[in-house]
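Residues in the sequence shown are numbered consecutively from 2, following the numbering used here. Here's the structure we're looking at; comments come further down.
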Amino acid sequence: ALSLRFEEAASPQERSKICKAGAFCCGLSLCNQHTVVVYVLCIVLWVFSRLFREGELTPGHLLKLTLCFLAGCLPYLYLPASSYLNKARWTWGDQTSLKGFVTHLLREEYGTFNLAKSENGSSMTDILLFQVTQMRAELSLVVPALAIFAGLCAAARLKVKRPHWVYLLTLMLFSYSLFFAWRANLDISKPLFMGVVERFWMQSNAVLAVLAGLGLSSLFSLAETVIENSRIVRCLEWIVAASLVT
């Protein structure tokens, strides 16, 4: 939502305000899930390129964004505090030292960005194919088809709203899927490990759903150029959208 607001921002002041909120949310999201770092990197590069083109990427602005990002990471302070008080029933070691904190932060016991330690996982190709199968089962074929349509419309400069945002979401989707398939070192032929892997696809499915929404909007925008009665087109759009959500 913030990336969309940033795309539509008309003034430097508005972009600055949205950037600060986005930097805070990026830090906060990393406290919840490490794999979101792929999305964060894509969004940061996209935002910085836009600010650079607008001449707004100044050292002072970078400092403010960094402070907002660190403010979002403040929940990590619970780790050394909890370790110092030593009241938790189960812990991940001593986080009062810098080494212990970094070890926990990077999940070195599992292997940074791995799902398990010393596991012989399925191949990258198998993970990607299983992701497509799971995507079809969870979202139906219509959602990926609409997402592809959004990408094609953006590439062809057809009736698509915010083509640069479509490019960003597509980059996020492919980057996350490839990175996760590379690092998911679990054997998905085992039901338990398959369930572990599946839950990480909620992040890619969320981006895919947004792309599908943009594709649906583009589809009916093209339909309006063929069908003269725009009211009928809008009613059909709402009906299709409601059916996909339910």
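Even for Gly, the Cβ is constructed at its ideal location relative to N, Cα and C. Computed from a prediction, not measured in an experiment: that's the story for all the values here.
Does DSSP put residue i in a helix, in a strand, or in coil?
i      : result
LYS118 : coil
THR171 : helix
SER141 : coil
ILE128 : helix
SER4   : helix
ARG108 : coil
LYS100 : helix
ALA113 : A quick correction: the sequence has Thr, not Ala, at residue 113. Three-state result, THR113: coil.
GLY196 : helix
ILE250 : Lying before the first or after the last residue shown, residue 250 is absent from the chain, which here runs from 2 to 247.
SER84  : helix
LEU71  : helix
SER176 : helix
ARG158 : coil
ARG163 : coil
GLY152 : helix
Which residues in the same chain as residue i place their Cβ atom closer than 6 Å to its Cβ, once the five residues preceding and following it in sequence are excluded?
i      : result
MET173 : TYR40, CYS43 and VAL208
MET195 : ILE189
ALA148 : LEU209, LEU212, ALA213 and GLY216
LEU129 : ALA182
Excluding the five sequence neighbours on either side, which residues of its own chain have a C-beta within less than 7 Å of the C-beta of residue i, listed in chain order?
i      : result
GLN96  : LEU80, PRO81, SER84, PHE102 and HIS105
GLU8   : ARG163, HIS165 and TRP166
CYS74  : GLY28, LEU31 and CYS32
LEU3   : ILE19, ALA22, GLY23 and CYS26
ALA117 : TYR111, ASN186 and LEU187
VAL241 : LEU217
TYR168 : ALA155
SER231 : GLU225
Give me, in chain order, the residues of the same chain whose beta-carbon lies closer than 8 Å to that of residue i; leave out the 5 immediate sequence neighbours on both sides.
i      : result
ARG158 : PRO164
VAL211 : LEU170
TYR177 : THR36, VAL39, TYR40, GLN204, SER205 and VAL208
LEU52  : ARG16, CYS20, LEU58 and HIS62
PHE175 : none
VAL234 : PHE221, ALA224, GLU225 and ILE228
LEU71  : GLY28
PHE13  : It is worth fixing the name first, because residue 13 is Pro in this sequence and not Phe. Correct list, in chain order: GLU55 and GLU57.
Which residues bound the alpha helix (DSSP H) around residue i?
i      : result
LEU212 : 202-227
PRO76  : Element bounds for PRO76: n/a, residue is neither H nor E.
ALA242 : 231-246
My guess is that residue i and residue j are in contact by the Cβ rule of under 8 Å, so how many angstroms apart are they, rounded?
i      : j      : result
VAL38  : CYS20  : Not really, about 18 Å apart at Cβ, beyond 8 Å.
TRP183 : MET136 : Wrong, their Cβ atoms sit about 18 Å apart, outside the cutoff.
VAL133 : LEU245 : With a Cβ gap of about 19 Å, VAL133 and LEU245 do not count as contacting.
PHE201 : PHE181 : 6 Å
> In chain order, which alpha helix (DSSP H) runs of at least 4 residues are fully inside the stretch 6-67?
Replying inline: Those alpha helix (DSSP H) runs which fall completely within the stretch 6-67 and span 4+ residues are 13-33 and 38-54.
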